[in-house]
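Enquirer:
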Amino acid sequence: MANVRAGLIQMALKADTGDSPAAIRDKMNEAHLPLIDEAGAKGVQVLCMQEVFNQPYFCPSQDAKWYAAAEKVPDGPTVRLMQVYAKKHSMVIVVPIYEEDITGVYYNTAAVIDADGKYLGKYRKSHIPQVAGFYEKFFFKPGNSGWPMFQTAYCKLGVYICYDRHFPEGWRALALSGAEYIVNPSATVAGLSQYLWKLEQPASAVANGCYIGAINRVGTEAPWDIGKFYGSSYVVNPRGEFLVEASEDKDELVVADMDMDLVREVRNLWQFFRDRRPEAYGPLTDI
């Protein structure tokens with residue numbers, strides 16, 4: 012198998028949260044385009060942005076204004092725009108946005124676009140937190156997409172979103188479905204999560220013999236100011252080793268080359284999939 016070049020974009024908010032969601036969307040989309048072009052120039056083959064990449068992380072509020080930020084997938088303006096750029100650069104793009112299914116039903120979603128610009132499908136965030144500062148159940152319905160693996164032009168790709176990363180079941184489901192590279196677009200602030208940020212995802216990469224790309228936004232977002240989004244986006248290999256890591260405080264594209272033969276090598280070495288005991292796990296779902 013060939014190497015696959017992965018790219019991750021982290022970015023601070025480029026608009027005032029007092030603006031309309033449509034205006035914020037347009038400013039954030041526009042701000043990402045130079046970095047997408049840079050990724051194309053650097054030969055990135057699989058690119059991912061942060062969670063709900065073209066809006067603020069509005070979940071510290073419980074303001075129905077933000078329902079207007081939701082877009083149709085794949086027929087909304089952002090996915091259509093990213094299809095153009097995917098085709099332009101022959102690049103797979105994972106597009107994490109706020110999705111409107113029908114009026115009143117909204118999901119935290121990532122659309123996957125193949126290198127020819129074709130829409131392959133979407134993953135809807137499965138695990139939705141509801142704690143102080145993170146009132147996500149006000150905005151997002153728990154996902155119903157299961158754990159899709161996307162056969163892209165360059166690799167077998169999986170998507171997990173932010174809070175999902177604390178739940179090992181989805182990582183395993185994606186890996187068992189064949190995913191070799193899993194991206195986790197996130198919005199997470201300094202505090203207890205910063206220690207876990209560099210612990211959980213490398214451990215999940217080891218447990219599942221896959222590459223993981225973790226993306227986090229940067230900066231603070233008024234008026235909520237729940238803390239500093241600390242960036243530190245990175246790619247780890249199936250041994251849990253860091254291939255690249257972004258800064259904590261600036262807009263950045265990071266690029267890593269993934270040797271996809273290592274996935275097979277590590278899975279054959281550790282044989283975690285062979286030694287699973289699914290017939291013994293049934294009671295876990297009863298708790």
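Counting in our numbering, the sequence shown runs without a single skipped number right up to 298 at its last residue. Glycine included, every Cβ here is placed at the ideal spot set by N, Cα and C. Since this is a predicted model, take the numbers as computed values, not measurements.
If you draw a straight line from the C-alpha of P88 to the C-alpha of D37, how long is it?
Expert: Against the sequence shown, residue 88 aligns to sequence position 77. Against the sequence shown, residue 37 aligns to sequence position 26. Distance between the alpha carbons of P88 and D37 is about 9 Å.
Enquirer: Span of the alpha helix (DSSP H) holding I35?
Expert: The sequence position of residue 35 within the sequence shown is 24, counting from 1. I35 -> alpha helix (DSSP H) spans 32-52.
Enquirer: Look at the Cβ atom of G181, then the Cβ atom of Y171, and state whether they are nearer than 7 Å.
Expert: The residue labelled residue 181 in the question sits at position 170 within the sequence shown. The residue labelled residue 171 in the question sits at position 160 within the sequence shown. Taking 7 Å as the Cβ cut-off, G181 and Y171 qualify as a contacting pair.
Enquirer: When we look at the beta-carbon of L280 and count the other beta-carbons within 10 Å, is it buried (16 or more) or exposed?
Expert: As a first step, residue 280 is located in the sequence shown; it is residue number 269 there, counting from the start. Exposed, by the Cβ-count rule.
Enquirer: Does T163 come out as helix, strand or coil in the three-state DSSP assignment?
Expert: As a working mapping, residue 163 is identified with position 152 in the sequence shown. Reduced to three states, the DSSP call for T163 is coil.
Enquirer: Quick check on S197: buried or exposed, where buried means 16 or more other Cβ atoms within 10 Å of its Cβ?
Expert: Numbered from 1 along the sequence shown, position 186 holds the residue referred to as residue 197. Classification of S197: buried, given that the 10 Å Cβ count is 16 or more.
Enquirer: Provide the residue(s) that pair with D268 in DSSP beta bridges, ordered along the chain.
Expert: If you number the sequence shown from 1, residue 268 lands on position 257. For D268, which the question treats as bridged, DSSP gives the partners R16.
Enquirer: Since T89 is in the alpha helix (DSSP H), which residue starts that stretch and which ends it?
Expert: Against the sequence shown, residue 89 aligns to sequence position 78. Element bounds for T89: 88-100.
Enquirer: Using a 10 Å radius around the Cβ and a threshold of 16 neighbouring Cβ atoms, would you call D262 buried or exposed?
Expert: As a first step, residue 262 is located in the sequence shown; it is residue number 251 there, counting from the start. Looking at its Cβ environment, which holds 16 or more other Cβ atoms inside 10 Å, D262 is buried.
Enquirer: Is DSSP giving F145 helix, strand or coil here?
Expert: Walking along the sequence shown from the start, residue 145 turns up at place 134. Correct three-state label for F145: strand.
Enquirer: Any idea what DSSP makes of Y206, helix, strand or coil?
Expert: In the sequence shown, counting from the first residue as 1, residue 206 sits at position 195. Note: Y206 maps to helix in three-state DSSP.
Enquirer: Could you tell me the alpha carbon to alpha carbon distance between G115 and K76, rounded to whole angstroms?
Expert: For the purposes of this step, residue 115 is identified with residue 104 of the sequence shown, where counting begins at 1. For the purposes of this step, residue 76 is identified with residue 65 of the sequence shown, where counting begins at 1. Roughly 12 Å separates the two Cα atoms.
Enquirer: How is the beta strand (DSSP E) around P196 delimited, first residue to last?
Expert: The residue labelled residue 196 in the question sits at position 185 within the sequence shown. Counting along the chain, the beta strand (DSSP E) containing P196 begins and ends at 192-197.
Enquirer: Between which two residues does the alpha helix (DSSP H) holding L187 run?
Expert: For the purposes of this step, residue 187 is identified with residue 176 of the sequence shown, where counting begins at 1. Counting along the chain, the alpha helix (DSSP H) containing L187 begins and ends at 179-187.
Enquirer: Please list the terminal residues of the continuous alpha helix (DSSP H) segment that includes A218.
Expert: For this step, residue 218 is matched to residue 207 along the sequence shown. Counting along the chain, the alpha helix (DSSP H) containing A218 begins and ends at 211-219.
Enquirer: One question on the structure: do P71 and I237 come within less than 7 Å of each other, judged by their Cβ atoms?
Expert: Within the sequence shown, the letter at position 60 stands for residue 71. Within the sequence shown, the letter at position 226 stands for residue 237. Against a cut-off of 7 Å, the Cβ pair of I237 and P71 comes out as a contact.
Enquirer: Mark K53 as exposed unless 16 or more other C-beta atoms lie within 10 angstroms of its C-beta, in which case mark it buried.
Expert: As a first step, residue 53 must be located in the sequence shown, where it is residue number 42. Exposed.
Enquirer: Can you check whether the CB of A225 is closer than 7 Å to the CB of Y241?
Expert: Here residue 241 refers to the residue found at position 230 when the sequence shown is read from its first residue. Here residue 225 refers to the residue found at position 214 when the sequence shown is read from its first residue. For Y241 and A225, no; Cβs fall outside 7 Å.
Enquirer: Using a Cβ-Cβ cut-off of 6 Å (strictly less than) and excluding sequence neighbours within five positions of Y146, which residues of its own chain qualify?
Expert: Your numbering for residue 146 matches position 135 in the sequence shown. Hits under 6 Å: C70, Q73.
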